[in-house]
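Step one of this worksheet: look at the structure below.
Below you can see the structure in the form of structure tokens.
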């Protein structure tokens with residue numbers, strides 16, 4: 001491995017997700033393993049612009065593999081969207097002797113990295129970190145598996161208390177544009193209905209289904225709803241609509257919100273973070289740049305950043321069928 | 001112990017709570033220990049009216065101590081509020097040879113039992129089962145401790161992701177009339193502000209406090225809000241109001257809902273359930289009736305049902321002071 | 001889909017694992033979806049021999065998706081290893097009108113199914129259920145992902161308290177012949193050393209590594225040890241050996257044991273179970289037999305039972321390298 | 001409140017326990033609330049001797065309420081047991097302007113504080129922090145409630161898999177001299193037998209009980225064993241003994257170990273820590289010294305340190321009876 005690169009930076013950007021700390025740890029330790037320097041950048045691209053750097057070694061990432069959030073903080077930076085902002089960032093990296101960076105984040109963060117790479121021929125690598133799993137080129141993004149477990153833990157608790165007659169529970173989960181969480185956590189939670197952005201279920205079909213569900217002897221039902229579902233109503237409007245049309249049901253709503261972004265990462269997310277961090281650093285050391293690392297077919301792979309940004313992470317249509325069969 | 005009573009019934013009534021199954025198990029096994037019969041009544045007083053009974057022995061309550069919900073189901077019964085309904089229930093109990101019952105539930109359930117006892121001189125005992133902890137005569141109701149742990153687990157996850165600037169998180173918890181959950185889980189979750197029904201905090205004071213909180217260097221804050229808080233706005237109206245007045249804050253809302261009523265009971269709730277079940281049965285065997293069993297001063301005690309119904313379970317005012325100090 | 005088959009049986013066999021109930025539920029509901037009958041067989045092959053069957057419909061598998069263990073119980077059957085035993089089992093299935101079965105279990109259970117299929121041309125399908133992940137033809141067995149999360153949860157707790165000087169923690173995990181759990185949970189738990197059956201680390205190297213670990217500034221270390229590691233000592237003998245050679249260390253031992261086989265299944269395991277159950281039933285309906293369903297390359301696949309039995313499920317060697325880098 | 005004291009120190013000492021961080025946070029914030037200074041002392045009394053101090057303000061204890069372990073580290077100090085060591089510690093405190101300290105720990109830590117107070121008339125207060133709950137003068141020590149929940153979570157998982165025939169599970173829990181954990185977690189976990197140091201159950205009675213348990217139709221049993229039980233065998237010797245005498249049983253052992261000391265504290269422990277921290281600081285400000293703060297009869301109380309050290313924290317004998325009834 002040609003170690004032309006002597007110093008690598010790592011940053012987290014955009015919304016945080018469980019596993020980001022494990023990925024930071026992996027980048028830092030892989031640098032140490034290959035005896036190159038590593039600096040952490042606080043607050044994403046904004047911290048890059050402001051030169052908010054900190055040297056990191058194997059001991060500074062001690063005991064963070066199991067922590068949610070990100071010790072480097074995260075932020076969105078409008079300034080980095082301007083060429084002036086990016087020039088400042090470049091100057092800061094130059095001043096600090098940084099010769100490549102690994103950004104952990106989502107689509108937006110990758111777009112920034114991709115432009116930066118083009119403008120300054122600066123080596124960059126991306127690690128997909130978002131609970132939404134809406135990134136092309138990887139079967140799993142960091143935090144997705146953890147978020148699924150958080151959601152089903154909530155649904156399990158609701159199920160415990162769902163024994164009374166005629167109760168309907170609406171659980172709103174994250175996923176403004178992507179139904180991965182709702183679909184998988186809906187199946188995993190044993191939901192009777194799942195509403196996702198990718199599918200036009202239609203209100204009529206939902207009502208039909210709820211009627212049928214009741215006729216089949218179910219005394220209570222749980223409906224998982226992605227916040228960005230196609231029906232175009234928020235969960236409380238949906239509650240009003242269904243109660244107006246199915247007066248025999250009393251509906252209770254849970255809005256899970258940001259708890260889905262926190263918590264100790266699952267084992268899957270930690271191992272994934274560890275693997276992707278190793279790969280990202282070693283790509284830079286091998287002279288590769290402008291790729292996102294990910295998992296495909298159970299193997300660590302790389303995908304050009306541009307492709308990762310432009311491609312679509314589609315839901316597995318087979319799961320729609322599984323969901324339908326399971327709610328028979 | 002005079003065993004004039006030969007058969008005892010047990011039922012769960014009203015909203016369910018974690019620990020009810022553990023209490024059912026305890027009643028059943030205490031009966032077996034004293035070699036008297038035990039029957040379970042399904043669906044609360046409604047099942048009593050309909051004679052929906054099942055004989056229960058030590059093995060039928062195997063492996064339920066750790067389960068949320070109630071294997072006997074629970075329901076509210078309008079019919080039991082009429083003297084005709086209660087007469088039917090009495091006839092069913094007579095027919096089945098039941099000579100006393102233990103009801104696990106809240107205020108409403110105890111009121112039913114108290115009236116029934118008066119009307120038919122029928123031996124009854126109450127076990128306080130509700131997550132709200134709003135029952136006089138016991139420091140803890142079944143499920144309260146579990147609910148607190150559920151809430152702080154959610155708040156912990158939100159805290160993980162609360163590192164970005166200027167974020168405010170509103171977490172709505174249960175407690176329509178009582179702030180026990182909000183106050184204790186607010187302290188336990190490290191909330192910056194806690195809004196409870198018992199206190200007129202006032203919107204102005206909330207705004208002041210949030211401004212001060214920010215000035216003191218906190219980049220994010222978590223506010224725990226009981227669903228029945230005195231401010232008279234629901235959590236989304238509150239969000240709109242605060243955002244209008246403190247435009248520098250972006251507010252995210254979580255509505256925990258019924259997950260607070262589910263989940264495996266905590267060790268405290270299981271031990272409590274076991275102790276109260278023993279006491280309830282042994283009171284009946286000793287000829288006592290019309291009491292609620294509870295914990296006071298770390299000891300199992302009994303309180304006349306009427307007193308338990310009429311008394312008020314006040315929040316510990318000292319905790320308001322602790323909460324204030326903790327959010328310095 | 002030709003529905004020549006009218007009745008399918010499902011059983012769990014061998015050691016249980018989280019997700020088995022979710023798989024039972026899936027088999028039952030898929031049968032219902034395709035309007036064919038389904039019977040559950042209690043206690044594995046022994047129950048098959050004894051005709052311990054129960055008809056199952058969509059509602060009988062209500063609320064089991066989140067339960068550990070198996071509602072059908074599991075057992076090992078010596079009698080089924082004899083041709084007399086298998087003949088009895090065949091007669092029972094015939095008598096009950098069962099025309100194919102799905103067995104959820106491991107290698108041993110598949111071997112039984114494979115022989116049975118040969119002897120009686122009886123349609124069988126296998127679903128891999130074991131926490132050890134030691135089955136060829138699938139990237140994940142049911143329960144493996146859950147067990148990993150259970151183990152890292154324990155390691156996280158140990159890590160909390162590992163702050164004092166010179167403490168060494170040995171954590172023994174399951175895996176008599178396969179190091180999947182130790183390797184992945186070791187990486188996920190941030191263990192300093194991982195001992196697995198597949199690798200001859202050697203005691204000398206362990207001692208070296210622990211010395212180096214200390215020299216590098218780590219005040220405490222966690223070592224994850226598979227019960228079947230190559231060193232040939234049990235965890236307490238290993239403790240004595242290391243303490244004798246590295247007297248500066250005080251060693252504390254945790255033996256996790258069977259808790260690794262229990263607990264609510266993770267979302268991954270529940271979705272996996274749901275998908276595999278659908279596939280297993282639909283294979284039988286399509287006239288396929290003698291296959292194991294599994295996940296490979298993120299897709300549901302089938303593998304001939306014989307191949308699944310004879311093949312080896314190797315650990316991912318790349319993970320050994322990741323583990324080494326992470327403990328730098 | 002007379003604020004003659006201007007600066008208070010806080011330290012954690014002895015074995016750590018969940019809730020220690022919450023108590024540190026409370027001490028620090030209560031100081032800030034009363035506008036006095038606060039310093040943290042690292043590594044217990046050893047750090048006091050070495051002057052390993054750090055100034056602490058409300059923001060330095062941000063986000064630690066939910067963390068296991070102790071951010072101030074803990075250690076045992078032989079030097080502090082000598083008068084020379086204590087003199088050094090006193091000089092360090094004087095140099096730093098510290099006028100009183102709060103020590104969070106167990107019996108040993110209190111003994112040190114008590115002697116120190118006598119020798120130098122130095123104001124000290126103790127907060128009981130240990131999972132064992134073996135301290136006189138408080139119904140709960142910090143970490144005890146959390147440890148109970150950790151143990152029953154493990155037992156629940158074991159129970160899931162305990163469905164096969166003739167399996168016996170031995171679970172060893174902490175408690176060298178005190179059976180509080182074993183007794184309460186045994187009841188909460190639904191254990192069939194509980195072995196604690198305070199009771200001479202005797203091996204014969206254990207064998208009898210296991211035989212009876214089986215005869216009563218239980219197919220599997222869980223036995224919770226405190227590490228310091230009176231039988232004088234370790235858990236593996238006990239396994240060998242029982243298997244030799246009851247060959248029909250196959251015994252599986254779990255040794256939970258230090259995981260019992262870690263984990264996010266329960267809500268109870270966090271609220272307790274917050275209350276005790278406030279009281280400890282305010283006692284010092286009121287000129288009180290040499291007391292332990294604790295909870296008795298649901299109220300915060302103070303007990304002279306000497307009494308806390310010499311008194312015995314007995315198990316609640318009523319619970320032995322409850323345990324017996326529950327395993328009917």
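Protein chains in written order, with the UniProt record's numbering: chain A, 1 to 328; chain B, 1 to 328; chain C, 1 to 328; chain D, 1 to 328. Cβ coordinates follow ideal geometry from the N, Cα and C atoms, glycine included.
By how many angstroms is the C-alpha of residue j removed from the C-alpha of residue i?
{"i": "residue 180 of chain B", "j": "residue 145 of chain D", "result": "19 Å"}
{"i": "residue 227 of chain A", "j": "residue 241 of chain C", "result": "57 Å"}
{"i": "residue 136 of chain A", "j": "residue 276 of chain C", "result": "25 Å"}
{"i": "residue 152 of chain C", "j": "residue 185 of chain C", "result": "6 Å"}
{"i": "residue 321 of chain C", "j": "residue 38 of chain A", "result": "20 Å"}
{"i": "residue 1 of chain D", "j": "residue 83 of chain D", "result": "Any reading at residue 1 of chain D must be qualified, since the residue scores a pLDDT of 48, below 50, and its modelled position is unreliable; the value itself is stated next. Answer to the nearest angstrom: the Cα atoms are 33 Å apart."}
{"i": "residue 94 of chain C", "j": "residue 87 of chain C", "result": "10 Å"}
{"i": "residue 287 of chain C", "j": "residue 31 of chain A", "result": "54 Å"}
{"i": "residue 117 of chain D", "j": "residue 303 of chain D", "result": "15 Å"}
{"i": "residue 250 of chain C", "j": "residue 168 of chain C", "result": "6 Å"}
{"i": "residue 293 of chain A", "j": "residue 101 of chain A", "result": "13 Å"}
{"i": "residue 268 of chain D", "j": "residue 261 of chain B", "result": "18 Å"}
{"i": "residue 313 of chain D", "j": "residue 237 of chain A", "result": "56 Å"}
{"i": "residue 278 of chain B", "j": "residue 133 of chain B", "result": "21 Å"}
{"i": "residue 8 of chain C", "j": "residue 54 of chain C", "result": "12 Å"}
Taking 8 Å as the threshold (C-beta atoms), are residue j and residue i in contact?
{"i": "residue 49 of chain D", "j": "residue 80 of chain D", "result": "yes"}
{"i": "residue 109 of chain A", "j": "residue 13 of chain A", "result": "yes"}
{"i": "residue 33 of chain A", "j": "residue 89 of chain A", "result": "no"}
{"i": "residue 131 of chain D", "j": "residue 222 of chain D", "result": "no"}
{"i": "residue 99 of chain C", "j": "residue 5 of chain C", "result": "yes"}
{"i": "residue 126 of chain C", "j": "residue 143 of chain C", "result": "no"}
{"i": "residue 220 of chain B", "j": "residue 258 of chain A", "result": "no"}
Kindly say whether residue i, judged by its beta-carbon, lies nearer than 8 Å to any beta-carbon of chain A.
{"i": "residue 247 of chain C", "result": "no"}
{"i": "residue 148 of chain C", "result": "yes"}
Once DSSP output is grouped into helix, strand and coil, what is the label at residue i?
{"i": "residue 80 of chain A", "result": "helix"}
{"i": "residue 139 of chain C", "result": "coil"}
{"i": "residue 1 of chain C", "result": "With a pLDDT of only 48 at residue 1 of chain C, under the threshold of 50, the placement of this residue in the model should not be trusted, and no figure is reported."}
{"i": "residue 162 of chain C", "result": "coil"}
{"i": "residue 193 of chain C", "result": "strand"}
{"i": "residue 261 of chain C", "result": "helix"}
{"i": "residue 115 of chain D", "result": "helix"}
{"i": "residue 328 of chain A", "result": "coil"}
{"i": "residue 186 of chain B", "result": "helix"}
{"i": "residue 11 of chain A", "result": "strand"}
Within 7 Å: the Cβ of residue i and any heavy atom of the ligand ATP?
{"i": "residue 192 of chain D", "result": "This structure simply doesn't include the ligand ATP, nor any ligand for that matter."}
Looking at the C-beta of residue i, does it have a partner C-beta in chain B at a distance below 8 Å?
{"i": "residue 224 of chain A", "result": "no"}
Check whether chain D comes within 8 Å of residue i, counting only Cβ atoms and requiring the distance to be less than that.
{"i": "residue 10 of chain C", "result": "no"}
{"i": "residue 326 of chain B", "result": "yes"}
{"i": "residue 211 of chain C", "result": "no"}
{"i": "residue 1 of chain B", "result": "With a pLDDT of 48 at residue 1 of chain B, under the threshold of 50, the modelled position of that residue is not reliable, and no figure is offered here."}
From the beta carbon of residue i, is the nearest beta carbon of chain C less than 8 Å away?
{"i": "residue 221 of chain D", "result": "no"}
{"i": "residue 63 of chain A", "result": "yes"}
- Item | Segment contact flag, the region 275–290 of chain B with the region 188–196 of chain D, C-beta cutoff 8 Å, min 3 pairs | Taking 8 Å as the limit for Cβ pairs, the verdict is that the region 188–196 of chain D does not touch the region 275–290 of chain B.
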